[in-house]
Amino acid sequence: MAVRVDLSIAATQETGLGRDLLSGIEALRGGSGGDRLSGDAAANRLDGMQGNDTLIGRGGNDRLRGGAGNDVLGGGPGDDRLQGGAGMDVAVYSGKRGVTVSLAQKGAQDIAGHGADRLSSIEGLRGGTGADRLTGNARDNLLEGGAGADRLIGRTGSDLLIGGNGNDTLTGGGGGDTLSGGGGFDWVIYTTRRDVTVNLSLTRPQSTAEGVDLLAGIEGIRSAAGDDRLTGNSAANWLIGGGGDDLLIGGAGRDTLDGGTGDDILIGGSGADRFVFTGGDDSIRDFDGREGDRLWLDDSILSMVGGKTAGQIVARWGHDLGASVELDFGQAGSIHIQGISTLSALRDWIEVI
45 MAVRVDLSIA ATQETGLGRD LLSGIEALRG GSGGDRLSGD AAANRLDGMQ
95 GNDTLIGRGG NDRLRGGAGN DVLGGGPGDD RLQGGAGMDV AVYSGKRGVT
145 VSLAQKGAQD IAGHGADRLS SIEGLRGGTG ADRLTGNARD NLLEGGAGAD
195 RLIGRTGSDL LIGGNGNDTL TGGGGGDTLS GGGGFDWVIY TTRRDVTVNL
245 SLTRPQSTAE GVDLLAGIEG IRSAAGDDRL TGNSAANWLI GGGGDDLLIG
295 GAGRDTLDGG TGDDILIGGS GADRFVFTGG DDSIRDFDGR EGDRLWLDDS
345 ILSMVGGKTA GQIVARWGHD LGASVELDFG QAGSIHIQGI STLSALRDWI
395 EVI
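In our numbering, the protein residues as written are 45 to 397.
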């Protein structure tokens, strides 16, 4: 039978085994059921034993031991020890302040608003309403950001990352991960130097070079140094390629495509898209300014080659190629733009960022 006991209650309470009055008690031990044991402002020891237990330390320097089962441990303020035991155990850090917690750290870690905690045999982390940074370890982890603009990093293992509400950034790392953005504009980050292929329109697991990942509720992709192929969906996506020679395909929606510093191919698809040039020899395959497409030129590039206005840029660096046009910045790179036949039209569709 599950019990529910709270040391902060001074009156008689229904525990599941009768109505009890507790006084001068600092420790609780559960049984074989799914117990809920809560401490008070003192230094408490809570042992869940068997079952899927919830342990809440509150104030004080508490020691929480989940035991067998899938347990939820919340230390609260104070320097706490959270020991999960067997099963999938989750440490909870609720509140408005953002926290930084890593399951890979062995010793005590200073967690804003929660003291210096020591975590062992913990597989999951759950944040609160702040902007949290939650990092897993080599095991299969569950990371839940909650509300706020969170950063979730799974590392190796087959991880489940849930951003929740807010504009979140999810990095699965090696292993077959499930990356769920939730509400807001959410990013998935791939840091491998190998060639990454990611398609946001797929609802099934896909091989990404970092593992077979399942993506849901993701609006943005950022890759690293490989020759990557990044494809959006019907939403307004942001695709950033990194240092390799990338192929970026926006799909429907108002997309932003940034190939990075390699020699990239950018295809916006339908919708009013923004093509960002930051270097390399890039090719835009379907530019249509009348549909709302715009070319964004990084100010750092222009500071190298000169020219600040669209008219100056076109006059100094533009070339008519018949059915297309080109902006050739010399060593700073070039942009070949298909869909425009005259430079005069391009002048109205350049924006400096």
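Positions of the beta carbon are idealized from the N, C-alpha and C atoms, including for glycine.
*If we ignore side chains and look at the alpha-carbon of each, how far apart do Arg273 and Gly218 end up?*
Roughly 18 Å between the two C-alpha positions.
*Beta-carbon proximity list for Gly315, same chain, < 6 Å, skipping 5 on both sides*: The answer, listed in chain order, is Ala296, Gly297 and Arg298.
_With H, G and I counted as helix, E and B as strand and the rest as coil, what does DSSP make of Gly355?_
Correct three-state label for Gly355: helix.
*What three-state label does DSSP hand Leu246 in the structure shown?*
Here Leu246 sits in coil by DSSP.
*Would a C-beta distance cut-off of 8 Å place Asp330 and Asp307 closer than the cut-off?*
Between Asp330 and Asp307, the gap from beta carbon to beta carbon reaches 8 Å or more.
*Just grab the DSSP bridge partners of Asp63 for me.*
Before going on, a small fix: residue 63 reads as Arg here, not Asp. The partner list for Arg63 (beta bridge, DSSP) reads Glu58.
*What do you get for Leu174, buried or exposed, if any count of 16 or more other CB atoms within 10 angstroms of its CB means buried?*
Looking at the sequence itself, residue 174 is Gly, so the reference to Leu does not match. Under this definition Gly174 is a buried residue.
*Return the residue from the list Asn181, Asp84 and Asp91 that minimises the CA-CA distance to Asn105.*
Residue Asp84 is the option with its Cα nearest to Asn105.
*Report buried or exposed for Asp257, applying the criterion of at least 16 other Cβ atoms within 10 angstroms of its Cβ.*
Per the 10 Å Cβ criterion, buried.
_Contact belief for Asn277 with Ser245 at Cβ below 8 Å, rounded distance in angstroms_ = About 4 Å separates the two Cβ atoms, so the contact holds.
*Less than 8 Å separating the beta-carbons of Gly101 and Gly118?*
Taking 8 Å as the Cβ cut-off, Gly101 and Gly118 qualify as a contacting pair.
_Integer-rounded CB distance, given that Arg338 should sit under 8 Å from Trp393_ = About 6 Å separates the beta carbon of Trp393 from that of Arg338, a gap short enough to meet the 8 Å contact definition.
_For a test of the three-state rule: what should DSSP assign to Gln153, helix, strand or coil?_
The answer is strand: DSSP assigns Gln153 an E or B state.
*Can you list, in chain order, the stretches of the beta strand (DSSP E) that have 3 or more residues and sit fully within the segment 335–395?*
DSSP runs (the beta strand (DSSP E)) wholly in the segment 335–395: 338–341, 362–364, 368–372 and 378–382.
*When the Cα atoms are used, what is the spatial distance from Asp372 to Val358?*
Cα to Cα, Asp372 sits roughly 10 Å from Val358.
*asked:* Measuring alpha carbon to alpha carbon, tell me which residue in Ser327, Arg141, Ala260 and Thr144 is nearest Thr247.
replied: Closest option to Thr247, Cα to Cα, is Ala260.
*At which residue ranges does the segment 253–339 contain complete alpha helix (DSSP H) runs of 4 or more residues, listed in the order of the chain?*
Runs of the alpha helix (DSSP H) inside the segment 253–339: none found.
*Leaving out five residues before and five after Ile311 in sequence, what residues of the same chain have Cβ atoms less than 6 Å from its Cβ?*
So the list reads Ile293, Arg329 and Asp330, once near-sequence residues are dropped.
*Report the residue ranges of all beta strand (DSSP E) runs contained in full by the segment 116–147; include only those spanning at least 3 residues, in chain order.*
List check, beta strand (DSSP E) in window: 116–118, 125–127, 134–136 and 144–146.
*What residue from Phe229, Trp231, Val232 and Thr252 has the CA that sits closest to Asp239's CA?*
Distance from the Cα of Asp239 is smallest, within the candidate group Phe229, Trp231, Val232 and Thr252, for Thr252.
*Sort Gly336, Gly383 and Gln375 by Cα distance to Glu395 and report the nearest one.*
Answer by Cα proximity: Gly336.
*Could you tell me the distance, in whole angstroms, from the CA atom of Leu390 to the CA atom of Arg195?*
The alpha-carbon atoms of Leu390 and Arg195 are separated by roughly 39 Å.
*Any 3 or more C-beta pairs closer than 8 Å across the segment 133–141 and the segment 67–86*: Under the three-pair Cβ rule at 8 Å, the segment 133–141 does not count as touching the segment 67–86.
*DSSP puts Gly159 in a beta bridge; with which residues?*
According to DSSP, which records beta bridges pairwise, Gly159 is partnered with Ile155.
*Among Gly122, Asp123, Gly92 and Thr386, which one has its Cα closest to the Cα of Arg109?*
Taking the Cα of Arg109 as reference, the smallest distance to any Cα among Gly122, Asp123, Gly92 and Thr386 is reached at Gly92.
*asked:* Check this for me: beta carbons of Thr56 and Val47, under 8 Å apart or not?
replied: Their beta carbons are not under 8 Å apart, which means Thr56 does not touch Val47 by this criterion.
*In whole angstroms, what separates the C-alpha of Gly216 from that of Gly103?*
Their Cα atoms are separated by approximately 33 Å.
_Pick from Ala87, Asn88, Ala86 and Gly74 that is closest to Asn96, judged by C-alpha positions_ = Ranking the options by Cα distance to Asn96, first place goes to Gly74.
*Among the residues of its own chain, which have a CB less than 6 Å from the CB of Glu188, if the five just before and after it don't count?*
If we look at Glu188 and ignore the five residues flanking it on each side, its Cβ neighbours are Arg170 and Ile206.
*Whole-angstrom C-beta distance between Leu147 and Ile166, which should lie under 8 Å*: 6 Å between Cβ atoms; contact.
*Buried or exposed: where does Ile69 fall if 16 or more other Cβ atoms within 10 Å of its Cβ makes it buried?*
Ile69 comes out exposed.
*asked:* Check this for me: beta carbons of Asp123 and Asp161, under 8 Å apart or not?
replied: Asp123 places its beta carbon less than 8 Å from that of Asp161.
*With a CB to CB cut of under 6 Å and the five nearest residues on each side skipped, what residues in its chain are close to Gly323?*
Closer than 6 Å at the Cβ level, and outside the excluded window around Gly323, lie Thr305 and Gly377.
*How would you write the range of the beta strand (DSSP E) that Leu51 sits in, first residue to last?*
No beta strand (DSSP E) holds Leu51; DSSP gives it neither H nor E.
*Cβ distance (whole Å) where Arg125 is taken to contact Arg141 below 8 Å*: Between Arg125 and Arg141 the beta-carbon gap is near 21 Å, outside 8 Å, which marks them as no contact.
*Give me the Cβ distance between Thr222 and Asn243, rounded to the nearest whole Å; I'm assuming they're in contact under 8 Å.*
At roughly 16 Å, the Cβ-Cβ gap does not stay under 8 Å, so Thr222 and Asn243 are not in contact.
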